[in-house]
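There are 2 protein chains.
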Amino acid sequence: MTNPVLVEILRGALVESVHRGAVAVVDADGASVLELGDVEKAVYPRSAVKPLQALALVESGAVDLYGFGDEELALACASHGGEPAHVAVAERMLGRAGLDATALACGAHWPSHQPSSQALARAGLGPSALHNNCSGKHAGFLCAARAMKVDHRGYVSPAHPVQREVRAAIDSLAGIGLSPDCCGIDGCSIPTWALPLKNLALAFARFATGRELPPRRAQAAARIRAACAAKPYFVAGTGRFCTKAMEQFGARVLVKTGAEGVFCGALPAQGLGIAVKCDDGGGRAAEVMMAAVIVRLMPIGCADRAALDRFVHPVLRNWNGIEVGRLRATQMLLR
Amino acid sequence: MTNPVLVEILRGALVESVHRGAVAVVDADGASVLELGDVEKAVYPRSAVKPLQALALVESGAVDLYGFGDEELALACASHGGEPAHVAVAERMLGRAGLDATALACGAHWPSHQPSSQALARAGLGPSALHNNCSGKHAGFLCAARAMKVDHRGYVSPAHPVQREVRAAIDSLAGIGLSPDCCGIDGCSIPTWALPLKNLALAFARFATGRELPPRRAQAAARIRAACAAKPYFVAGTGRFCTKAMEQFGARVLVKTGAEGVFCGALPAQGLGIAVKCDDGGGRAAEVMMAAVIVRLMPIGCADRAALDRFVHPVLRNWNGIEVGRLRATQMLLR
Numbered sequence: 001m002t003n004p005v006l007v008e009i010l011r012g013a014l015v016e017s018v019h020r021g022a023v024a025v026v027d028a029d030g031a032s033v034l035e036l037g038d039v040e041k042a043v044y045p046r047s048a049v050k051p052l053q054a055l056a057l058v059e060s061g062a063v064d065l066y067g068f069g070d071e072e073l074a075l076a077c078a079s080h081g082g083e084p085a086h087v088a089v090a091e092r093m094l095g096r097a098g099l100d101a102t103a104l105a106c107g108a109h110w111p112s113h114q115p116s117s118q119a120l121a122r123a124g125l126g127p128s129a130l131h132n133n134c135s136g137k138h139a140g141f142l143c144a145a146r147a148m149k150v151d152h153r154g155y156v157s158p159a160h161p162v163q164r165e166v167r168a169a170i171d172s173l174a175g176i177g178l179s180p181d182c183c184g185i186d187g188c189s190i191p192t193w194a195l196p197l198k199n200l201a202l203a204f205a206r207f208a209t210g211r212e213l214p215p216r217r218a219q220a221a222a223r224i225r226a227a228c229a230a231k232p233y234f235v236a237g238t239g240r241f242c243t244k245a246m247e248q249f250g251a252r253v254l255v256k257t258g259a260e261g262v263f264c265g266a267l268p269a270q271g272l273g274i275a276v277k278c279d280d281g282g283g284r285a286a287e288v289m290m291a292a293v294i295v296r297l298m299p300i301g302c303a304d305r306a307a308l309d310r311f312v313h314p315v316l317r318n319w320n321g322i323e324v325g326r327l328r329a330t331q332m333l334l335r
Numbered sequence: 001m002t003n004p005v006l007v008e009i010l011r012g013a014l015v016e017s018v019h020r021g022a023v024a025v026v027d028a029d030g031a032s033v034l035e036l037g038d039v040e041k042a043v044y045p046r047s048a049v050k051p052l053q054a055l056a057l058v059e060s061g062a063v064d065l066y067g068f069g070d071e072e073l074a075l076a077c078a079s080h081g082g083e084p085a086h087v088a089v090a091e092r093m094l095g096r097a098g099l100d101a102t103a104l105a106c107g108a109h110w111p112s113h114q115p116s117s118q119a120l121a122r123a124g125l126g127p128s129a130l131h132n133n134c135s136g137k138h139a140g141f142l143c144a145a146r147a148m149k150v151d152h153r154g155y156v157s158p159a160h161p162v163q164r165e166v167r168a169a170i171d172s173l174a175g176i177g178l179s180p181d182c183c184g185i186d187g188c189s190i191p192t193w194a195l196p197l198k199n200l201a202l203a204f205a206r207f208a209t210g211r212e213l214p215p216r217r218a219q220a221a222a223r224i225r226a227a228c229a230a231k232p233y234f235v236a237g238t239g240r241f242c243t244k245a246m247e248q249f250g251a252r253v254l255v256k257t258g259a260e261g262v263f264c265g266a267l268p269a270q271g272l273g274i275a276v277k278c279d280d281g282g283g284r285a286a287e288v289m290m291a292a293v294i295v296r297l298m299p300i301g302c303a304d305r306a307a308l309d310r311f312v313h314p315v316l317r318n319w320n321g322i323e324v325g326r327l328r329a330t331q332m333l334l335r
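In order, the protein sequences belong to chains A and B.
Heads up, the first sequence is in this note's numbering, so the first residue is 1 and it goes up one at a time.
Heads up, the second sequence is in this note's numbering, so the first residue is 1 and it goes up one at a time.
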């Protein structure tokens, strides 16, 4: 099955590039609300499932044990920009559990937030694992291991108790047994299990509504959602779509980006879970796809629509700030 | 027409993402040697035609007037990394024509070569237009304007004598009249005219062989090719495919990357011009496509093949250096 073109890149009067992809939107009973392209195909969810992975942190009791608030919980769900405030919260989380950055197994990379990266270089410093966009998630895994009273070392292995908890939580939310044959290694070295796009959407519908979940898990999910809605800056960072969407919509929208063109989200009031995958891994297109799905499915007023429109039809500017083109969602995606 | 999948991204045992695209390889008479996908569709060539755009610099007489050697000519064809040596040559070119960086209209951006970018920040500096990957091409345009004794200001306008020369040169090489309806604005603010992929390949076949060209233009093309072969570091930079391919093969291969998944090249000894376009604009895939086409069409020995193989099947490593997957050219592309 060839997935449809969902996003076009315009330059001047011509379409310069196109992005194909698939979209699955389902309710918490698994009923399909919107299907575009092949939603049965297994995709690695990558960082888009960080809010689901954070269930292990809450359910381990670490959040209460270490007195974590919304900032820590939001950062555990984050692909953050490595801005100073992100780094500080990751460090604080580790400190509460009696650990430091040396325990992180995510690897180091320069902050994706350019001013933060440049400030680090200006200070004659380089990046540490705390600057890794996944450091909050990893700090969460480490804190969960401590609260579970298991050795925190080796926490990125699929066989480690924390990863087994993570996997079991996603299994139950997605309504599918994740297969070891579909396990890849993520950019930050943790396991990422591929699952059909529609099951990924189902997992988010259940996460957003608590439907079909044991009360304790439903409460943990609600707590994570509330933290992301309260502190969206800690889920991504300055100027980022995830942050801006949740600043605009609060608890009405949960969105989380992942590598290779995956984007997941939920509209809790509508009871809907959303999963999109851009075939070619293009993050610019996945963002347009997610913004367009929200516009299409959520009842929103003019101000909200205007806020989203610049993500549905983002303008392309060149190095001189001249408008040279734009991205646009195709009609199939818009309706 | 739906273009075929030419490159797959593997993670673990699964194909995580795919890239579709088109490939045109033709000889200097326009006879097709290899066609994959829609080669009639117009694409913006972007920076992939910089070697052709440099014809205006040579034909204006500026190269002799200002005593330019291979470094300057190679830099005029470059999408360089903004490394100190690149910046120095761009500055030297402008100086010879009595100009400086303030004449550049390309805009400023941080060097794409990360160590150079970090060194700049560490020194408390920011980027100038000299660091723009196109600064050598722009310096070339400015020098051409001076040699042509026209006002250099406004040299990025399609109506400026230098851009008219550039357009006429591409027109004649590609065997097609570039239409104002197909003119976009490039990232560095110069015009980019869309043309069918097969005509782009034809332009490179003629550029590589001199066939169908007036003697003066054929000589200018040979001089540009020789400069790129002699100084490939100045066409791209440290670790870059264009540089490595031309270091490996010398004058046997000309390759030039462009934005949005365009890659052009030539195999002069075979008399072939090559143009590829990745549908989604993915540069990682365009590079694999170009490497695979070279392996397919050029008679090469084991050492040359080994050098190219890591570009045909590049390994993906995560932040910890762990191999997590690889890119691979599909069978349709390999043969």
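Backbone N, C-alpha and C define an ideal beta-carbon position, used for all residues, glycine too.
Neighbour-count burial assignment, residue 215 of chain A, 16 or more Cβ in a 10 Å radius: Within the first sequence, numbered from 1, the residue matching residue 215 of chain A stands at position 215. It is exposed - the Cβ of residue 215 of chain A has fewer than 16 other Cβ atoms within 10 Å.
For residue 38 of chain B, count neighbouring C-beta atoms within 10 Å of its own C-beta (all shown protein chains included) and say buried if the count is 16 or more, exposed if not. For this step, residue 38 of chain B is matched to residue 38 along the second sequence. When all chains shown are included, residue 38 of chain B counts as buried.
Classify residue 2 of chain A: buried if its beta carbon has 16 or more other beta carbons within 10 angstroms, exposed otherwise. As a position in the first sequence, residue 2 of chain A is number 2, starting the count at 1. Under this definition residue 2 of chain A is an exposed residue.
CB contact check: residue 13 of chain B to chain A, cutoff 8 Å: Numbered from 1 along the second sequence, position 13 holds the residue referred to as residue 13 of chain B. Yes, because at least one Cβ of chain A sits closer than 8 Å to the Cβ of residue 13 of chain B.
If you draw a straight line from the alpha carbon of residue 44 of chain A to that of residue 192 of chain A, how long is it in whole angstroms? Translated into positions along the first sequence, residue 44 of chain A becomes position 44. Translated into positions along the first sequence, residue 192 of chain A becomes position 192. Whole-angstrom Cα-Cα distance: 6 Å.
Compute the Euclidean distance between the alpha carbons of residue 160 of chain A and residue 10 of chain A, then round it to the nearest angstrom. Working through the first sequence from its first residue, we reach residue 160 of chain A at position 160. Working through the first sequence from its first residue, we reach residue 10 of chain A at position 10. Using only the alpha carbons, I get a separation of about 47 Å.
Span of the alpha helix (DSSP H) around residue 302 of chain B: Here residue 302 of chain B refers to the residue found at position 302 when the second sequence is read from its first residue. It spans 302-312 - the alpha helix (DSSP H) in which residue 302 of chain B sits, taken as one unbroken run.
Would residue 248 of chain B count as contacting chain A if we go by Cβ distances under 8 Å? In the second sequence, the residue the question calls residue 248 of chain B occupies position 248. Chain A contact via Cβ: absent.
Cβ atoms of residue 58 of chain B and residue 211 of chain B: under 8 Å apart, would you say? Locating residue 211 of chain B in the second sequence gives position 211, where the first residue counts as 1. Locating residue 58 of chain B in the second sequence gives position 58, where the first residue counts as 1. Against a cut-off of 8 Å, the Cβ pair of residue 58 of chain B and residue 211 of chain B comes out as no contact.
If the cut is a Cβ gap below 9 Å, which residues of chain B does residue 176 of chain A touch? In the first sequence, the residue the question calls residue 176 of chain A occupies position 176. The premise fails here: residue 176 of chain A is roughly 15 Å from chain B at the closest Cβ pair, so nothing lies under 9 Å.
Leaving aside the five residues before and after residue 231 of chain A along the sequence, list all residues of the same chain whose C-beta is less than 6 Å from its C-beta, in chain order. Taking the first sequence and counting its residues from 1, the one referred to as residue 231 of chain A is at position 231. The answer, listed in chain order, is 70, 71 and 74.
Grab the span of the alpha helix (DSSP H) containing residue 87 of chain B for me, first residue to last. The count along the second sequence starts at 1 and reaches residue 87 of chain B at position 87. That run of the alpha helix (DSSP H) goes 84-96.
May I have the straight-line CA-CA distance separating residue 83 of chain B from residue 283 of chain A, to the nearest angstrom? For this step, residue 83 of chain B is matched to residue 83 along the second sequence. For this step, residue 283 of chain A is matched to residue 283 along the first sequence. Computed Cα separation, rounded: 28 Å.
Classify residue 305 of chain B: buried if its beta carbon has 16 or more other beta carbons within 10 angstroms, exposed otherwise. The residue you call residue 305 of chain B lines up with position 305 of the second sequence. Exposed is the call here.
Which partner residues does residue 193 of chain A have in the DSSP bridge list? Position 193 of the first sequence, counting from 1, holds the residue named residue 193 of chain A. According to DSSP, which records beta bridges pairwise, residue 193 of chain A is partnered with A:183.
Which residues, in order along the region 33-63 of chain B, keep a beta-carbon less than 8 Å from a beta-carbon of chain A? 42, 43 and 44
Members of the region 288-309 of chain A that neighbour chain B once the beta carbon cut-off is set at 7 Å: none
Mind pulling the chain A residues with CB within less than 7 Å of residue 121 of chain B? Against the second sequence, residue 121 of chain B aligns to sequence position 121. In chain order: 118, 121 and 122.
With DSSP run on the structure shown, which of helix, strand or coil describes residue 224 of chain B? Within the second sequence, the letter at position 224 stands for residue 224 of chain B. Residue 224 of chain B: helix per DSSP, three-state reduction.
Rank A:27, A:13 and A:310 by C-alpha distance to the C-alpha of residue 200 of chain A and give the top, closest one. The count along the first sequence starts at 1 and reaches residue 200 of chain A at position 200. When each option's Cα is compared against that of residue 200 of chain A, the closest is A:27.
From the DSSP output, read off the bridge partner residues of residue 341 of chain A. For chain A, the structure presents residues 1 to 335; residue 341 of chain A sits outside this window and is missing.
What did DSSP end up calling residue 100 of chain A once you bin it into helix, strand or coil? Here residue 100 of chain A refers to the residue found at position 100 when the first sequence is read from its first residue. Correct three-state label for residue 100 of chain A: coil.
Kindly indicate which three-state DSSP category residue 23 of chain B falls into: helix, strand or coil? Residue numbering aside, residue 23 of chain B sits at position 23 when the second sequence is read from its first letter. Strand, per DSSP.
Report the rounded CA-to-CA distance for residue 322 of chain B versus residue 120 of chain B, giving the unit in angstroms. Taking the first residue of the second sequence as position 1, residue 322 of chain B is located at position 322. Taking the first residue of the second sequence as position 1, residue 120 of chain B is located at position 120. If I take the Cα positions, the gap works out to 30 Å.
Boundaries (first-last residue) of the alpha helix (DSSP H) holding residue 60 of chain A: Here residue 60 of chain A corresponds to residue number 60 of the first sequence, with the count starting at 1. Element bounds for residue 60 of chain A: n/a, residue is neither H nor E.
State yes or no: is the beta carbon of residue 189 of chain A nearer than 8 Å to at least one beta carbon in chain B? For this step, residue 189 of chain A is matched to residue 189 along the first sequence. So yes, residue 189 of chain A belongs to the interface.
Using a C-beta to C-beta distance shorter than 8 Å, which residues of chain A count as neighbours of residue 183 of chain B? Looking up residue 183 of chain B in the second sequence gives position 183. Under the 8 Å cutoff, chain A gives 12.
So which residues on chain A does residue 86 of chain B lean against when the C-beta distance must stay under 8 Å? Indexing the second sequence from 1 puts residue 86 of chain B at position 86. By Cβ distance, chain A contributes nothing, its closest Cβ being about 16 Å from residue 86 of chain B, past 8 Å.
Which residues mark the beginning and the end of the beta strand (DSSP E) in which residue 10 of chain A is found? Residue mapping note: residue 10 of chain A aligns to position 10 of the first sequence, counting from 1. Where residue 10 of chain A is concerned, the enclosing beta strand (DSSP E) stretches over 5-11.
Across the region 289-308 of chain A and the region 239-253 of chain A, are there enough close Cβ pairs to call them in contact, namely three or more that are closer than 8 Å? yes
For residue 274 of chain B, does the three-state DSSP call read helix, strand or coil? Residue 274 of chain B sits at position 274 when you count from the first residue of the second sequence. Residue state, collapsed to three classes: strand.
Less than 8 Å between the beta carbons of residue 54 of chain A and residue 140 of chain A, yes or no? On the first sequence, residue 54 of chain A is found 54 positions in, with the first residue counted as 1. On the first sequence, residue 140 of chain A is found 140 positions in, with the first residue counted as 1. Against a cut-off of 8 Å, the Cβ pair of residue 140 of chain A and residue 54 of chain A comes out as a contact.
From this set, A:143, A:52, A:135 and A:68, which residue's C-alpha is nearest residue 97 of chain A's C-alpha? The residue given as residue 97 of chain A occupies position 97 in the first sequence. Comparing Cα-Cα distances from residue 97 of chain A to each of A:143, A:52, A:135 and A:68, the minimum goes to A:143.
8 Å Cβ cut-off: residues of chain A touching residue 109 of chain B: Your numbering for residue 109 of chain B matches position 109 in the second sequence. Chain A residues near residue 109 of chain B: 319.
Please state whether DSSP places residue 143 of chain A in a helix, a strand or coil. Within the first sequence, the letter at position 143 stands for residue 143 of chain A. It is helical.
Rounded C-alpha distance that separates residue 204 of chain A from residue 175 of chain B: On the first sequence, position 204 is the one that residue 204 of chain A refers to. On the second sequence, position 175 is the one that residue 175 of chain B refers to. Their Cα atoms are separated by approximately 54 Å.
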